[in-house]
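In our numbering, the protein residues as written are 1265 to 1772.
Glycine included, every Cβ here is placed at the ideal spot set by N, Cα and C.
Below is one structure, written out as structure tokens; comments come after it.
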Amino acid sequence: MKREDGLLTQKFDKLLIANRGEIAMRILRACHELGIQTVAVYSDADRNAPHVRYANEAYNIGPAPARESYLVMDKLIEVAKRSGAQAIHPGYGFLAERAEFAQKCVDNDIVFVGPPARAIAIMGDKQEARQTVKAAGVPIVPGTEPGLNDEEMVAAADNIGYPLLVKAVAGGGGKGMRPVHRAEDLPDAIAAARREALAAFGDDVVYLEKMITEARHIEIQLLADSHGNTIYLGERECSLQRRHQKLIEESPSFVVDEDLRRRMGEVAVAAAEAVHYANAGTIEFLVDKDKNFYFLEMNTRLQVEHPVTELVTGIDIVQEMLRVARGRKLRFTQEDVTLKGWAIECRINAEDPYNNYLPSTGTITTVRVPTGPGVRVDTGVFPGYEITPFYDSMISKLICYGETRGEVVLRMRRALQEYRIMGVKTNIPFHQIMVESHRFLTGQFDTSFVETRFSMDEDDGETHEMEAAILAALAAHKQGLHASQIVAPGERDTSNWKWLSRWERLRR
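This is the structure in structure tokens:
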């Protein structure tokens, strides 16, 4: 059934996964649980990948470079028709947020497991997205209107105020983005951002946006069906980033209380409904130290970090995507959604944190995956698997769950110690140091923390046992304190750290 907005929804029993790696495996497993037959696609480099062997059928779509395989729309459509797949799930990355691909699926009577092409197009254009959600009453970061030339942007900068960001209208991942702290640096920053945006996205349009300092990156997970129902599934804390790439995510957030969660959720729903959204999506916000929040962008796809939300809500987001694409109503109302416990995800990448995070390629010789209560590993690698330079460096996602943040941090520390990957360098040491750092334990971090205050060579000045710091952080959190109000050990006011001496007595 094709709706007025162009979204095709119909029952299907065979689905093609237009992706690879751990996300392909995640979708395959969800399909198998629902009794949906699966079709995998693979490049020459992925011939022996797990998703190829796990699917009911698999088809080669070309050479290793993504532009010759996973990004070739016509090849994917042709395989879907040849295999009899009535639907395509794009996963994330590659073609997941390409409105053209979503429309091409519909034009070929193939269900696209995602939102309507028009919603993808609107939210994929940062300026149009800003104007659309602003009209719906969603707060946005102050910035310039679309269509200004370089001279007009320079003239508008003083009204916005420094520091600010030059941002590309198209794309993401930090490309085409330049921070500017002084007026004299703005013309060069605009020119550099334009060059990078043109090379990365084929579009050199940029705009200015106020830089929110000491900001946290908080996102709201949404689910919407084709019957007008939209709900939010709480928030995810995504502030620990490097070069605008997320490294660690958790749910709930240390600094979000029930009132802020409700307000952000309601605004996120309004933003989605403004574009007649359906299926899974995420609204990303910047939250300042005073808990003011601003719309950043919408990701019109499944997020890498969706597992933490699944663990604290008990809702299988991938299965819900498939149900919505089949034309069914959501199984949950907003009142049904409750957050229980705490979950943290560490992205395990093939890169060297001791050498400026340079990517590491080669053959994985050994993999020992952590197990035990509350531990989940989403991966698509095995001993003998080759890490190539053709794709993203992420090897797996390590997700841990506990009843409290303290419990899940201790569980994550244990899981990281158990995790062994040999043959390539990984960022596991980064995560081990991070989860023992004082600022992580007490929630005192923002989007600039990893790049400006974190070091692989230092212990962040922490002088107490990690368990003690966790208890102190939890005590402050229970009192409803913001992370910035927590006083570290050794400072003059130690009232929030009374748990330290108690913990020392218990240890003896």
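- Considering only D1616, D1656, I1663, S1657, the residue with the shortest C-alpha distance to V1633 is I1663.
- Under the DSSP assignment, G1666 falls outside any alpha helix (DSSP H), being part of the beta strand (DSSP E) whose first and last residues are 1658-1666.
- For S1503, the enclosing beta strand (DSSP E) starts and ends at 1494-1506.
- Under the DSSP assignment, N1423 falls outside any beta strand (DSSP E), being part of the alpha helix (DSSP H) whose first and last residues are 1414-1424.
- A direct Cα-to-Cα measurement between P1380 and H1353 gives close to 13 Å.
- By the CB criterion at 9 Å, N1543 and P1403 fall outside the cutoff.
- Leaving aside the five residues that flank I1287 on each side, the residues in its chain whose CB is nearer than 7 Å to its CB run, in chain order, G1355, Y1356.
- Distance from the Cα of I1512 is smallest, within the candidate group V1519, L1504, F1518, for L1504.
- In the three-state reduction of the DSSP assignment, P1379 falls in the coil class.
- According to the DSSP assignment, I1341 belongs to the alpha helix (DSSP H) that extends over 1337-1347.
- Put simply, of M1387, R1669, V1336 the residue whose alpha carbon is nearest the alpha carbon of F1365 is V1336.
- Distance from the CA atom of A1420 to the CA atom of P1443, rounded to whole angstroms, is 16 Å.
- Put simply, the region 1559-1579 touches the region 1594-1611. At least three CB pairs are less than 8 Å apart.
- One thing to note: E1501 has its Cβ within 9 Å of the Cβ of V1520.
- Under the three-state reduction of DSSP, E1569 is assigned to coil, being neither helix nor strand.
- A straight-line Cα-Cα distance of about 14 Å links D1600 and R1526.
- Burial check for H1702: the Cβ neighbour count within 10 Å reaches 16 or more, so the residue is buried.
- Under a 10 Å Cβ-count criterion, A1434 is classified as buried, with 16 or more other Cβ atoms of the shown protein chains found around its own Cβ.
- Spatial neighbours of A1589 in its own chain (CB-CB distance under 7 Å, excluding positions within 5 residues in sequence) are listed in chain order as T1273, A1351, V1375, V1377, N1543.
- Within a 10 Å sphere around the beta-carbon of Q1681 sit fewer than 16 other beta-carbons, which makes this residue exposed.
- Secondary structure at R1527: helix, using DSSP grouped into helix, strand and coil.
- In the pairwise beta carbon analysis, the region 1641-1650 is classified as not touching the region 1544-1551: fewer than three pairs are separated by under 8 Å.
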